[in-house]
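What follows is a short report on a single structure.
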Amino acid sequence: MLHASFKSKDTEEWLDVHFTRPIGLLFALMWKRLGVHPNAITILSIFLGVGAAFMFYYTDPIHNLAGVALLMAANFCDSTDGQLARLTGQKTLIGRMLDGFSGDVWFFAIYVAIALRLMSQTIPGLYSIWGMWIWALAIIAGVLCHSPQSSLADYYRQIHLFFLKGKEGSELDSAAQQRQIYESLPKGKAWLQRAFYYNYANYCKSQEQRTPAFQRMAAAIKTRYGGLAALPAPLKQRFLDGSRPLMKYTNILTFNTRAICIYATCLLDCPYVYLLIEITVMNILYLYMRKNHEVLCQTILQTIEKEQNGQV
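Under my numbering, the sequence shown has 126 at position 126, and the numbering climbs by one with no breaks.
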C-alpha cells in the first residue's frame, strides 16, 4: 500500500520515502477509519502552516521549535490528503483547488512572518535596521524566485511521470485544454469552477512560456507520431535517461530543502539567510535545471526532425 502511494522512484525524495509518506499513510488509514474527508485534512494543513508562520515570527527557540513541529505536521497532512483521496476515491475539484492553494498559503504566511520579524532588527555588518528593505528582499525571494522555481520543478516532474507512466500516472496539463474547459462552463454559473480553470490555465501557460524547447519537441511528437503517448520506446527511454538526473533538482526546488533551510535559519535567528539562499543558490539550481532540460528537449527534437527527413 505504501509503495502504491509513491509516484515513482525517480521523483520521490529519500526523506519522503522513509519519513513523510509512511507517517502520512498511517494518518490516512486512521482518518479513513474515522470517516474524515480528504478536504478536511487539507484545510487542517492550511491552519497548521499558518500557525507555523506565526511561530517563526518570534526569535526565541521555543516558538521556533513549535513552528518546526507545526510545519512538519502541515506537510504530513499534505501527504495524507492525497493518500486518503486515493484510498477512498473521494477526489473532488474543491480538493484539487485546496491542495494547490495550501502550500502557497503556508509559504506566503512564512515570508510575511520573516519580514515582520526582521523589520526592527539590525542588518548584519551595518548600524541601520532592515525596515522596509526586508519586504523588498522577501518579495524578490518569494514572488520572483520561489514561485517560478517550484512551478517549473513541478512541470518537469509531471513531464517525466508522463513519459514514465503515461497520462494516468501524471498530472501534465496544457493551457489550451484548461482554457477550453473554462470557456465551456456557463457564465454566471459554476463560478468556482470557472475561477479555478481560469487561474489554472494561466498557471499552465506560465510553465509553457518558460519551456520553448519542450513545446517544440511536444509539437513535433504530435505531428510525427500522433501524440506524446505515442513517442517510440527508444526515444522515450532516451528522454527519461536525460530527465532522470534532473529530478533531484525538482525535489530540491519544492518543499523539503526549503523547509530545512527555514528551520535552521529561524532557530539560529538569521532567517534573512534563507531569503538570500532562495535568491542565490535556489536560483542557480533553477537556471541549471531549466537549461539542461531545454538542451535535452532540443536534442530529442533534432532526432525527430532527422527521422522525418530520412537522415536516420
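Just so it is clear, CB atoms sit at the ideal spot from N, CA and C, and this is done for glycine as well.
Skipping 5 residues on each side, what residues in its chain have a beta carbon closer than 6 Å to that of isoleucine 181? Taking the first residue of the sequence shown as 1, we reach residue 181 at position 181. Closer than 6 Å at Cβ, skipping near neighbours: Tyr197.
Test item: CB-CB of alanine 115 and isoleucine 134 under 7 Å: Position 115 of the sequence shown, counting from 1, holds the residue named residue 115. Position 134 of the sequence shown, counting from 1, holds the residue named residue 134. In contact: alanine 115 and isoleucine 134 (Cβ atoms closer than 7 Å).
On the three-state DSSP scale, how would you describe isoleucine 123? As a working note, residue 123 is residue 123 in the sequence shown. Coil at isoleucine 123, not helix or strand.
Span separating the alpha-carbon of methionine 217 from that of cysteine 297: Locating residue 217 in the sequence shown gives position 217, where the first residue counts as 1. Locating residue 297 in the sequence shown gives position 297, where the first residue counts as 1. Computed Cα separation, rounded: 6 Å.
Within a Cβ cutoff of 7 Å, which residues of the same chain sit near serine 79, ignoring the five residues on either side of it in sequence? Residue numbering aside, residue 79 sits at position 79 when the sequence shown is read from its first letter. Closer than 7 Å at the Cβ level, and outside the excluded window around serine 79, lie Thr20, Arg21 and Gly24.
Which whole-angstrom value is the C-beta distance of cysteine 145 and isoleucine 279, which I expect to be below 8 Å? Looking up residue 145 in the sequence shown gives position 145. Looking up residue 279 in the sequence shown gives position 279. Right, the Cβ-Cβ distance comes to about 5 Å (below 8 Å), so this counts as a contact.
Leucine 71 and tyrosine 272 look like a contact to me (Cβ under 8 Å); what is the Cβ gap, rounded to whole Å? On the sequence shown, residue 71 is found 71 positions in, with the first residue counted as 1. On the sequence shown, residue 272 is found 272 positions in, with the first residue counted as 1. Incorrect: roughly 19 Å between the Cβ atoms, too far for contact.
Who are the Cβ neighbours of asparagine 202 in its own chain at under 8 Å, not counting the five residues just before and after it? Taking the first residue of the sequence shown as 1, we reach residue 202 at position 202. For asparagine 202, where only same-chain residues beyond five positions count, the Cβ hits under 8 Å are Ala175.
Applying the 10 Å Cβ sphere with the 16-neighbour rule, what's the burial state of tryptophan 191? Here residue 191 refers to the residue found at position 191 when the sequence shown is read from its first residue. Looking at its Cβ environment, which holds fewer than 16 other Cβ atoms inside 10 Å, tryptophan 191 is exposed.
Round the Cβ separation of alanine 141 and alanine 53 to the nearest angstrom and send it over; I've been treating them as touching at under 8 Å. For the purposes of this step, residue 141 is taken as residue 141 along the sequence shown, with counting starting at 1. For the purposes of this step, residue 53 is taken as residue 53 along the sequence shown, with counting starting at 1. That belief does not hold up - the Cβ atoms of alanine 141 and alanine 53 are roughly 15 Å apart, past 8 Å.
Do you know how far the Cα of glutamine 149 is from the Cα of methionine 282? Within the sequence shown, numbered from 1, the residue matching residue 282 stands at position 282. Within the sequence shown, numbered from 1, the residue matching residue 149 stands at position 149. Roughly 8 Å separates the two Cα atoms.
Check whether methionine 55 and alanine 73 have beta carbons under 7 Å apart: Start at 1 with the first residue of the sequence shown, and residue 55 comes out as number 55. Start at 1 with the first residue of the sequence shown, and residue 73 comes out as number 73. Not in contact: methionine 55 and alanine 73 (Cβ atoms no closer than 7 Å).
Roughly how many angstroms lie between the CA atoms of cysteine 204 and isoleucine 139, to the nearest whole one? Counting from 1 along the sequence shown, the entry for residue 204 is found at position 204. Counting from 1 along the sequence shown, the entry for residue 139 is found at position 139. Spanning the two alpha carbons is a distance of roughly 22 Å.
Where alanine 230 falls, given that 16 or more other Cβ within 10 Å makes a residue buried: Stepping through the sequence shown from its first residue, residue 230 is reached at position 230. Alanine 230 is exposed by the Cβ-count criterion.
With a CB to CB cut of under 8 Å and the five nearest residues on each side skipped, what residues in its chain are close to phenylalanine 163? By 1-based counting over the sequence shown, the position of residue 163 is 163. Taken in chain order, the residues that qualify are Leu228, Leu231, Lys236, Phe239, Leu240 and Ser243.
If you draw a straight line from the C-alpha of glutamate 171 to the C-alpha of glutamine 158, how long is it? Position 171 of the sequence shown, counted from the start, is the residue given in the question as residue 171. Position 158 of the sequence shown, counted from the start, is the residue given in the question as residue 158. Answer to the nearest angstrom: the Cα atoms are 6 Å apart.
Under 7 Å, do cysteine 261 and isoleucine 277 count as touching if we go by C-beta distance? The residue labelled residue 261 in the question sits at position 261 within the sequence shown. The residue labelled residue 277 in the question sits at position 277 within the sequence shown. The answer is yes: Cβ separation under 7 Å.
Please report the straight-line C-alpha distance between aspartate 10 and valine 50, rounded to a whole angstrom. Stepping through the sequence shown from its first residue, residue 10 is reached at position 10. Stepping through the sequence shown from its first residue, residue 50 is reached at position 50. In a straight line, the C-alpha of aspartate 10 is about 31 Å away from that of valine 50.
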